[in-house]
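Below is one structure; the comments refer to it alone.
Protein chains: 2
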Amino acid sequence: MHKPTTPSQVERWGIYELSLEGPGDGNPFLDVQLSAHFTYNHRIVEIDGFYDGAGVYRVRFMPDTVGAWRYVTHSNRPEMDGQTGAFTCTEPGPGNHGPVRVHNTYHFGYADGTPYVPIGTTCYAWAHQGDKLEEQTLRTLKNAPFNKMRMCVFPKHYAYNQNEPVYYPFERDDGGRWDFSRFSPAFFQHFERRVGDLLGLGIEADLILFHPYDRWGFATMDAQTDDRYLRYVVARLAAHRNVWWSLANEYDLMEAKTMADWDRFFRIVQESDPYGHLRSIHNCRRFYDHSQPWVTHASIQNSDLSRVREWREAYRKPIVFDECCYEGDVEQTWGNISAREMVHRFWLGTAGGGYVGHGETYLHPEDILWWSKGGVLHGQSPERIAFLRQILDQGPPEGLDPVGRWGAGKEGATYLFYFGVHQPAEWTFDLPEGNQYQADVIDTWEMTVTPIEGVFTGRSKVALPGKPYLAVRLKPLA
Amino acid sequence: MHKPTTPSQVERWGIYELSLEGPGDGNPFLDVQLSAHFTYNHRIVEIDGFYDGAGVYRVRFMPDTVGAWRYVTHSNRPEMDGQTGAFTCTEPGPGNHGPVRVHNTYHFGYADGTPYVPIGTTCYAWAHQGDKLEEQTLRTLKNAPFNKMRMCVFPKHYAYNQNEPVYYPFERDDGGRWDFSRFSPAFFQHFERRVGDLLGLGIEADLILFHPYDRWGFATMDAQTDDRYLRYVVARLAAHRNVWWSLANEYDLMEAKTMADWDRFFRIVQESDPYGHLRSIHNCRRFYDHSQPWVTHASIQNSDLSRVREWREAYRKPIVFDECCYEGDVEQTWGNISAREMVHRFWLGTAGGGYVGHGETYLHPEDILWWSKGGVLHGQSPERIAFLRQILDQGPPEGLDPVGRWGAGKEGATYLFYFGVHQPAEWTFDLPEGNQYQADVIDTWEMTVTPIEGVFTGRSKVALPGKPYLAVRLKPLA
């Protein structure tokens, strides 16, 4: 019997990993069961382990409570059964606010209460491009405004995506066909390293578990394989606090799956994930029923950002436009809006009380388009999105809820109005009587904030510059 | 008995007017009936006359056939009954193409077959502003691109519209109240002079018969008065070949009228108008049923120009966005879009197979906003709309019908694609095999037409500049 080597402490929302030696023969993915019970006083959290190749098994745990924890392992293999240990969960380190949760119905916040405003981007297949390009992507992200990344677990086959990935998620049998009963540890070790790299940059990893862009057979696996895949991914990755589960990209284009499959997938993820990470599913033409209790927020593909209010009302959950078309110049309609239009859509969705995601699709001689492979950014929207993020970081911590047709805010706190293609030279704001406000004109494209002279209260008519793409922020005087 | 003085000839689609002397006492509007039968060979056209004040009665007729016409009058007053005469209808003069009709289901053409592409504007109350401003408006129109004017018969009460009109449509009784049984000849003489001024400029007068913006009581007259008013307006104005009937502006805001009233108004206009001028009705929030047989084209207020295809399919009639918001800077949402957005909406509607109207609402120290009072234009969209009109004047005479998602045209003729906020750097056009096309890039804002090198046929991938608000025109080589 091998006693696992384990650290004696871990920070809150960090990863505590047990590593155990066990059988490497047979099919460990099918034959071996392993879990651990982590105990804090009388509370027990059961965590599934997973096989990581070469006779090594792991159990990963993300403790959410500071203090003394104990554990005991359970396995159908005696050499991994009944192992015990103890460790201390310490205060989180700098920048560690825990996983993101839904907050105030329509918004998000970290587990420690810090507001989280998702400013997402999309690089579907960035983690399948080899270290050189992947590291360039990470360098780009380090200086970019994004704090959420939509990315696929499976490799991607699509226009501008013809290269083979470095790793595959399954092993092959002797005939060269996929052995769907054997996950590739190398694939997942690499993939989770990239998830960890994002964590290091403060970026949430919105992991897309299924997608239709496939030439290998990963979009058409049988139900047993799908379910085992989901449990394996959750066992490996859920202890990363920055993980979100996106059940699929354009789920409605996956002809081999039924709506009952999607419902089942949600339930499997929900029951397997001890931490309740965020769960969503992304559409092409037809929405999944986002009012289902296992959906934490609506992940929407749509170009009409003005509909955010409608969907807030419909679902009573955060509305995230994960795809509102991409800045770029490819022929495909979803990938050729101007930077100005992208920035406009960010502001429109934000002022409606929702959240908007970025992507970029400029033609590239080697088909390195950010939206899929990462690399570097070429567009003009990211710096404006960074500017928006700055504004939101100064905004009401409770999040923006719609006020009238144009604005968002909270009674008594900061209001933000966005006028888009409208260019009023004057505007009447109905501010709470008695409270005093100062006003700024925000040029969303030029990235300027210009104070308007005066102090406003109650019904206030304010002169504006009369140009498009302006916002007005009203802040209560301290 | 007074023999009327009448000219011996009139051009086709000109106005042939009989002037008769009759009773000036009593109430000529109620007591006196007058009509004339105009005869060409065995064809008889019955035309209602009207009282024009000071004992003068008139019958106005617009002949549509060149040759010898005769007439005989009918009246319940013997001095105006049984008068006869003859005249010759000659070929139309230069610029006279007759009234506008629906052409090719979704389009318009003059009666002589010349295509008519409506490029409308809106000056609701321009004809109620006094000669000085009205003449300034006419001078502006002379150099503007517009060939259709939306204008109200009744004066207008609304934001930025607080002044009294020069003339009122009814006389007052001794108590200073309106005598709705007596039309004011001075009002209508003035109004029809302005309609004639537009005719002289080649501009169709889209006459709005009712509207809700009222402080005088013209929006809440009783049914008998409404009906008599409609017959009087038609009798006076229908002989002007440039007249269109718009039953109402924002009909659904007129609380005193029921849907049955609107149906009846349409039928009255239809049965009173011997020439079958175009008939429509304009909505605020809720459409009238444009599929009714008495509606010749849909007059729509909506900001979503991309819906033109949907409404073409729904109504199988021309779709005219008479109000898609106005270029300007007032506080009201409908009156503060940027010039760029206005131009964008024109192109979007046009490329979808519809027609779009202009209006302008820049704040003015004396409240002279073009959209209502006329005056001069301040905006940047009219010159770009003139550029669009030039393009359309060179386009397929049959009108543009949608092709795919982005384009419009006719098999074998000119195609026009508009990309709006999209900026593809390449695009694949599916042109008919065998036909050869030349291509131009049109910058809708910069107003440039740049030929693309090469000749294209069949499926053709074409490099584009990759900036927004561009169109591509494909013309068959002769």
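Top to bottom, those sequences are chains A and B. When you read off a place in the first sequence, starting at 1, and then add 1124, the result is the number in the working numbering. When you read off a place in the second sequence, starting at 1, and then add 1124, the result is the number in the working numbering. Positions of the beta carbon are idealized from the N, C-alpha and C atoms, including for glycine. Just so you know, these numbers come straight off a predicted model, no measurement behind them.
- Nearest in C-alpha terms to D1397(A), of all of I1171(A), N1165(A), V1156(A), is I1171(A).
- Proximity of chain A to N1220(B) at the Cβ level (cut-off 7 Å) is not reached, the minimal Cβ distance being about 40 Å.
- For A1192(A), the number of other beta carbons within 10 angstroms of its own is below 16, and it is reported as exposed.
- Among the residues of chain A, none has a CB under 9 Å from the CB of L1501(B); the nearest is roughly 16 Å distant.
- Per the Cβ contact rule, the stretch 1426 to 1437 of chain A is in contact with the stretch 1448 to 1455 of chain A (3 or more Cβ pairs under 8 Å).
- When DSSP reads this structure, Q1562(B) sits in a beta bridge with K1599(B).
- Inter-segment contact for the stretch 1577 to 1585 of chain B and the stretch 1537 to 1554 of chain B is present: three or more beta-carbon pairs are separated by less than 8 Å.
- Spanning the alpha carbons of P1216(A) and R1136(A) requires a straight line of approximately 5 Å.
- Following the DSSP letters along the chain, one finds A1422(B) in no alpha helix (DSSP H) but inside the beta strand (DSSP E) bounded by residues 1422 to 1425.
- Remark: C-beta atoms of L1333(B) and W1368(B) do not approach each other more closely than 8 Å.
- Of all residues in the stretch 1424 to 1454 of chain B, those with a C-beta nearer than 7 Å to a C-beta of chain A are D1453, V1454, reading in chain order.
- Chain-ordered, the chain A residues with CB closer than 9 Å to the CB of A1549(B) read G1452, D1453, V1454, E1455, N1460, Y1486, L1487.
- With its beta carbon less than 8 Å from one in chain A, T1552(B) belongs to the interface.
- Collapsing the DSSP output to three states places V1454(A) in coil.
- DSSP places D1385(A) inside the alpha helix (DSSP H), whose first and last residues are 1383 to 1396.
- One Cα belongs to P1147(B), the other to R1436(B), and the distance between them is close to 51 Å.
- In this structure, I1405(B) and Y1375(B) form a Cβ contact; the two beta carbons are roughly 5 Å apart against a cut-off of 8 Å.
- When the beta-carbon positions are compared, R1184(B) and V1156(B) stay at least 8 Å from each other.
- Judged by DSSP secondary structure, D1155(A) falls outside any beta strand (DSSP E) and instead within the alpha helix (DSSP H) spanning 1152 to 1155.
- With a beta-carbon spacing of about 6 Å, Y1195(B) and G1209(B) fall inside the 8 Å limit used to define contacts.
- For G1590(B), the residues of chain A that pass the 7 Å Cβ criterion are D1453, in the order they occur in the chain.
- DSSP places R1182(A) within a strand segment (E or B) once states are collapsed to three.
- Going by DSSP, P1506(B) is part of the alpha helix (DSSP H) stretching over 1505 to 1517.
- About 6 Å separates the CB atoms of G1483(A) and T1245(A); that is less than 8 Å, so the two are in contact.
- For a Cβ distance threshold of 7 Å, residue set T1457, N1460, I1461 of chain A lies close to H1546(B), ordered along the chain.
- Interface residue (Cβ-Cβ distance to chain A less than 8 Å): E1490(B) is not classified as such.
- What E1570(B) touches in chain A, judged by beta-carbon distance under 7 Å, is nothing: the nearest beta carbon there is about 15 Å away.
- A distance below 6 Å between beta-carbons, with the five flanking residues on each side excluded, links I1424(A) to the following residues of its chain, in chain order: F1445.
- Annotation: the continuous alpha helix (DSSP H) that includes Y1353(B) extends over 1347 to 1361.
- Residue contact check for E1465(B) against chain A: a CB pair falls below 8 Å.
- E1141(B): member of the beta strand (DSSP E) spanning 1140 to 1145, first to last residue.
- Counting only runs that start and end inside the stretch 1265 to 1347 of chain A, the beta strand (DSSP E) elements of at least 3 residues fall at 1272 to 1276, 1294 to 1296, 1302 to 1307, 1328 to 1334.
- Contact check for L1361(B) against I1392(B) fails: the beta carbons are separated by 8 Å or more.
- When the five nearest sequence neighbours on each side are left out, the beta carbons in the same chain lying within less than 8 Å of the beta carbon of D1205(A) are those of T1197, H1198, S1199, in order along the chain.
- Look at K1585(B) here: in three-state DSSP terms it is strand.
- The residue from N1407(A), H1502(A), Q1348(A), D1236(A) with its alpha-carbon nearest to that of T1485(A) is H1502(A).
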